[in-house]
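J.:
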Amino acid sequence: MSWVSGSNAALLTDLYELTMAASYHRRGMNGAATFDLFVRDLPPRRNFLVVCGLDQALEYLETMSFDADALSYLESLEMFDAAFLDHLSGFEFRGDVWAMAEGELAFAREPIVSVTAPLIEAQIVETFLLNCITFQTMVASKAARVSIASGPRDFSDFSLRRDHGADAGLKAARAAFVGGAASTSNVLAGRFFGIPVSGTMAHSYVMAFESESEAFRAYARDFPDRAVLLIDTFDVVQGAQRAVEVARELQPEGVNLAGVRIDSGDLAGLTRRVRAILDEAGLSDTQIILSGDLDEYRIASLISDGVPVDLFGVGTQLGTSADSPYLGGVYKLVEDQHGPKIKLSTGKVTLPGRKQVHRFIRDDQIQHDVISLREEEFEGSHPLMRQVMKSGERMGEREALADMQQRCLGAIEKLPPYLKKLENDGSYKVDLSVKLEALATEVGRALRVSHSS
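In this text, residue positions in the sequence shown follow our numbering: the first is 4, and each later residue adds one.
1) Are there three or more Cβ pairs, one per stretch, closer than 8 angstroms when the stretch 169-186 is compared with the stretch 133-140?
2) Can you give the Cα-Cα distance for His28 and Lys423, rounded to whole angstroms?
3) Can you tell which of Ser214, Ala147, Val317 and Arg30 has the C-alpha that lies nearest to the C-alpha of Met407?
4) Just the C-alpha distance for Cys411 and Asp238, rounded to the nearest angstrom, thanks.
5) Specify the secondary structure class of Lys358 as computed by DSSP and reduced to three states.
6) Judging by CA-CA distance, which residue of Ser5, Thr119, Ser453 and Gly154 is the nearest neighbour of Ala302?
7) Assuming Tyr63 contacts Ala120 (C-beta within less than 8 angstroms), just tell me the rounded distance between them.
8) Measuring only the C-alpha atoms, how far is Thr426 from Glu299?
9) Name the DSSP beta bridge partners of Met392, please?
10) Skipping 5 residues on each side, what residues in its chain have a beta carbon closer than 6 angstroms to that of Tyr421?
11) Scan the stretch 147-202 and note each continuous alpha helix (DSSP H) run of 4 residues or more that stays entirely inside, going in chain order.
12) Are the CB atoms of Val258 and Arg229 within a distance shorter than 8 angstroms?
13) Could you spell out where the beta strand (DSSP E) holding Lys335 opens and where it closes?
14) So if DSSP puts Ala85 in a beta bridge, which residue, or which two residues, is it bridged to?
15) Helix, strand or coil, according to DSSP, for Ile482 in the structure here?
16) Identify every run of the alpha helix (DSSP H) within the stretch 201-246, keeping only runs that are complete inside it and at least 4 residues long; order them along the chain.
17) Is the Cβ of Lys424 closer than 8 angstroms to any Cβ of chain B?
18) Considering only C-alpha positions, which residue in the set Val149, Ala25 and Val100 is nearest to Arg48?
19) In the DSSP assignment, the beta strand (DSSP E) including Ala261 goes from what residue to what residue?
20) Can you tell me which of the three DSSP states Phe315 falls into?
21) For the alpha helix (DSSP H) that contains Thr274, what are its first and last residues?
22) Let's test the definition: count the other Cβ atoms within 10 Å of the Cβ of Leu80 and tell me whether it reaches 16, buried, or not, exposed.
23) For Arg397, which residues in the same chain have their Cβ closer than 8 angstroms to its Cβ, ignoring the five residues on either side in sequence?
24) When the distance is taken between beta carbons, is Gly316 closer than 8 angstroms to Ile292?
25) Consult DSSP for Gly447 and reduce its assignment to one of helix, strand or coil.
26) Quick check on Ser375: does DSSP put it in helix, strand or coil?
27) Below 8 angstroms on the Cβ atoms is my contact criterion, and I expect Gly98 with Glu124 to pass it. Report the Cβ-Cβ distance as a whole number of Å.
28) Which stretch, first to last residue, makes up the beta strand (DSSP E) that contains Ala36?
29) Whole-angstrom Cβ separation of Val433 and Arg112, contact assumed at under 8 angstroms?
30) Pick from Ala284, Arg165 and Val54: whose alpha carbon is nearest that of Asp296?
31) Looking only at C-alpha atoms, which of Gly322, Ser68 and Glu378 sits nearest to Lys358?
32) Check Thr353 in the structure and name its three-state DSSP category.
33) Which residue's Cα is closest to the Cα of Val312: Ala414, Ala152 and Gly182?
34) Could you tell me the distance, in whole angstroms, from the CA atom of His90 to the CA atom of Asp367?
35) Could you check what DSSP says for Ser79 in three-state terms: helix, strand or coil?
36) Could you please give the first and the last residue of the uninterrupted alpha helix (DSSP H) stretch that includes Ala111?
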């Protein structure tokens with residue numbers, strides 16, 4: 004099978020990264036260069052982004068290399084000379100990386116990751132960094148919205164079967180947890196990342212038995228401490244009644260009916276009827292789990308209607324971020340050995356120089372951000388960019404995923420109310436420092452003069 008792995012990840016790149024690198028190499032252009040990774044504009048329905056994917060990006064930078072198989076393939080393309088392939092044979096990322104922490108909130112134009120390395124190294128890693136960071140940031144941001152809508156109720160990532168590929172499924176589960184999910188159905192994500200795993204049963208399980216009651220009875224006996232029964236295969240109300248009958252029957256055996264799940268139909272009306280059935284039977288501790296193409300909008304509607312739901316399973320809409328299925332992430336040169344760099348394309352103007360993002364918080368509420376030159380300091384601000392890699396080596400210990408989630412949830416608590424709304428009805432203020440604005444003006448003016456002469 005063909006999988007992305009540590010041995011071949013160096014080839015997980017766009018061809019032009021390698022052709023540009025080969026041209027740099029031929030011309031001896033390999034001085035220090037700084038690239039910023041950022042999102043130009045927030046999607047229409049996003050008030051903020053949740054930074055995610057940094058740990059795996061750093062792991063890639065620490066370990067990437069071109070092995071014999073990769074070099075043989077590149078040679079077969081008949082595009083690269085022997086000197087460049089020899090350079091790649093000893094490739095090792097030796098750069099510095101500054102970044103926002105995973106779980107932190109980011110806004111448009113703010114650098115999420117900043118890479119300073121020899122030009123060839125900094126260029127070649129562009130594609131993977133964009134793929135890794137922007138995808139997980141997209142899913143974590145969606146998960147944070149689901150978390151806001153769910154309030155105190157937990158939700159679980161059920162997205163694996165709908166995610167766009169195996170690697171996406173693994174990273175989506177990780178990003179969903181950072182954004183606030185309590186668990187995932189993805190067993191491999193549980194193994195790799197320590198995320199709690201959760202699951203119930205499928206309709207096929209119920210249909211495989213002679214009767215619904217027989218299926219419920221078998222499953223409850225096999226999983227007596229965590230049985231969650233899917234009750235909408237045929238008729239939800241009858242399914243709830245049969246679940247109650249089985250729970251009563253097996254109670255002497257020590258079986259506890261942990262929950263029932265509804266995956267279709269009029270979720271609001273059915274949940275109320277099922278809650279009444281469970282309560283009347285003395286099963287007030289039995290939870291009701293809802294699933295079935297849920298997103299933050301449907302969840303918010305259910306909760307505002309007072310539907311007695313305990314937990315949500317969110318799949319397709321979460322793992323694909325269906326309403327905003329991509330981020331316009333970019334990775335742009337902002338400085339090289341000759342000084343600050345700027346791009347002046349219409350609608351795509353960049354900010355020159357190495358930068359810092361300062362966040363101002365008053366009365367435990369986020370007020371505004373300032374993008375500045377890296378060396379600038381502002382009284383009362385919280386600098387968000389920190390150095391996480393030096394000379395190709397990670398700085399500090401790897402952070403626990405649970406700590407990233409707590410950072411995200413804590414940051415969301417500090418958002419002003421208008422930014423917690425599901426619709427974008429206000430713009431968060433992100434200013435440029437006086438020095439950065441002056442530098443952008445100076446570099447832009449000089450570039451226009453040089454191109455007009």
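Ideal Cβ positions, reconstructed from N, Cα and C, are used throughout, including at glycine. All figures in this text were calculated on a predicted structure; none of them were measured in a lab.
T.: From the atom records:
1) In the pairwise beta carbon analysis, the stretch 169-186 is classified as touching the stretch 133-140: at least three pairs are separated by under 8 angstroms.
2) In the sequence shown, the residue the question calls residue 28 occupies position 25. In the sequence shown, the residue the question calls residue 423 occupies position 420. Their backbone Cα atoms lie some 48 angstroms apart in a straight line.
3) Sequence index remark: in the sequence shown, residue 407 carries index 404 (1-based). Of the candidates Ser214, Ala147, Val317 and Arg30, the one whose C-alpha sits nearest the C-alpha of Met407 is Ala147.
4) Along the sequence shown, read from residue 1 onward, the residue named residue 411 stands at position 408. Along the sequence shown, read from residue 1 onward, the residue named residue 238 stands at position 235. Computed Cα separation, rounded: 40 angstroms.
5) Here the question's residue 358 lines up with position 355 in the sequence shown. Correct three-state label for Lys358: strand.
6) Residue numbering aside, residue 302 sits at position 299 when the sequence shown is read from its first letter. A small correction: the amino acid at residue 302 is Ile; Ala does not occupy that position in the sequence shown. Taking Ile302 as reference, the option from Ser5, Thr119, Ser453 and Gly154 with the minimal CA-CA separation is Gly154.
7) Walking along the sequence shown from the start, residue 63 turns up at place 60. Walking along the sequence shown from the start, residue 120 turns up at place 117. 13 angstroms between Cβ atoms; not a contact.
8) Position 423 of the sequence shown, counted from the first residue, corresponds to residue 426. Position 296 of the sequence shown, counted from the first residue, corresponds to residue 299. First, the amino acid is wrong: residue 426 is Glu here, not Thr. In this structure, the straight-line span from the alpha carbon of Glu426 to that of Glu299 is close to 11 angstroms.
9) Along the sequence shown, one-based indexing puts residue 392 at 389. According to DSSP, Met392 bridges with Val100 and Arg397.
10) Working through the sequence shown from its first residue, we reach residue 421 at position 418. Closer than 6 angstroms at the Cβ level, and outside the excluded window around Tyr421, lie Gly429.
11) Within the stretch 147-202, the complete alpha helix (DSSP H) segments at least 4 residues long are 169-181 and 190-196, listed from N- to C-terminus.
12) To locate residue 229, count along the sequence shown from 1; it is residue 226. To locate residue 258, count along the sequence shown from 1; it is residue 255. Contact flag unset, no.
13) Working through the sequence shown from its first residue, we reach residue 335 at position 332. First-last of the beta strand (DSSP E) with Lys335: Gly332 to Asp339.
14) Translated into positions along the sequence shown, residue 85 becomes position 82. Looking at the DSSP output, Ala85 shares a beta bridge with no other residue.
15) Here the chain covers residues 4 to 456 and nothing more, so residue 482 does not appear.
16) If we require 4 residues or more, the alpha helix (DSSP H) runs fully inside the stretch 201-246 come out as 206-210 and 215-225.
17) No chain B appears in the structure shown, which is made up of a single protein chain.
18) Stepping through the sequence shown from its first residue, residue 48 is reached at position 45. Checking every option, the nearest Cα to that of Arg48 belongs to Val149.
19) On the sequence shown, position 258 is the one that residue 261 refers to. Ala261 -> beta strand (DSSP E) spans Leu260 to Ile265.
20) In the sequence shown, counting from the first residue as 1, residue 315 sits at position 312. Assigned with DSSP and collapsed to three states, Phe315 falls in strand.
21) Start at 1 with the first residue of the sequence shown, and residue 274 comes out as number 271. Taken as a continuous stretch (DSSP letters only), the alpha helix (DSSP H) holding Thr274 covers Leu270 to Glu283.
22) Numbered from 1 along the sequence shown, position 77 holds the residue referred to as residue 80. Exposure of Leu80 is indicated by the presence of fewer than 16 other C-beta atoms within 10 angstroms of its C-beta.
23) Taking the sequence shown and counting its residues from 1, the one referred to as residue 397 is at position 394. Apart from the 5 residues on each side of it in sequence, Arg397 sits with its Cβ closer than 8 angstroms to the Cβ of Leu61, Glu65 and Val391 in its chain, given in chain order.
24) Working through the sequence shown from its first residue, we reach residue 292 at position 289. Working through the sequence shown from its first residue, we reach residue 316 at position 313. If you check the CB distance, Ile292 and Gly316 come in under 8 angstroms.
25) Within the sequence shown, the letter at position 444 stands for residue 447. Under the three-state reduction of DSSP, Gly447 is assigned to helix.
26) Position 372 of the sequence shown, counting from 1, holds the residue named residue 375. If DSSP states are grouped into helix, strand and coil, Ser375 belongs with the strands.
27) Taking the sequence shown and counting its residues from 1, the one referred to as residue 98 is at position 95. Taking the sequence shown and counting its residues from 1, the one referred to as residue 124 is at position 121. Between the beta-carbon of Gly98 and that of Glu124 there is about 6 angstroms, and that keeps the pair under the 8 angstroms contact cut.
28) By one-based count along the sequence shown, residue 36 stands at place 33. From DSSP, the beta strand (DSSP E) with Ala36 extends over Ala35 to Val42.
29) The count along the sequence shown starts at 1 and reaches residue 433 at position 430. The count along the sequence shown starts at 1 and reaches residue 112 at position 109. So it is a contact: roughly 6 angstroms between Cβ atoms.
30) If you number the sequence shown from 1, residue 296 lands on position 293. Checked all of Ala284, Arg165 and Val54; the closest Cα to Asp296 is Arg165.
31) Counting from one through the sequence shown, the residue named residue 358 turns up at place 355. Nearest of Gly322, Ser68 and Glu378 to Lys358, Cα basis: Glu378.
32) Counting from one through the sequence shown, the residue named residue 353 turns up at place 350. In the structure shown, Thr353 sits in coil (DSSP, three-state: anything other than H, G, I, E or B).
33) On the sequence shown, residue 312 is found 309 positions in, with the first residue counted as 1. Considering only alpha carbons, the answer is Ala152.
34) Here residue 90 refers to the residue found at position 87 of the sequence shown. Here residue 367 refers to the residue found at position 364 of the sequence shown. Each residue's alpha carbon lies about 51 angstroms from the other.
35) Along the sequence shown, read from residue 1 onward, the residue named residue 79 stands at position 76. Of the three classes helix, strand and coil, the one that applies to Ser79 here is helix, per DSSP.
36) Here residue 111 refers to the residue found at position 108 when the sequence shown is read from its first residue. Here Ala111 belongs to no alpha helix (DSSP H), and DSSP marks it neither H nor E.
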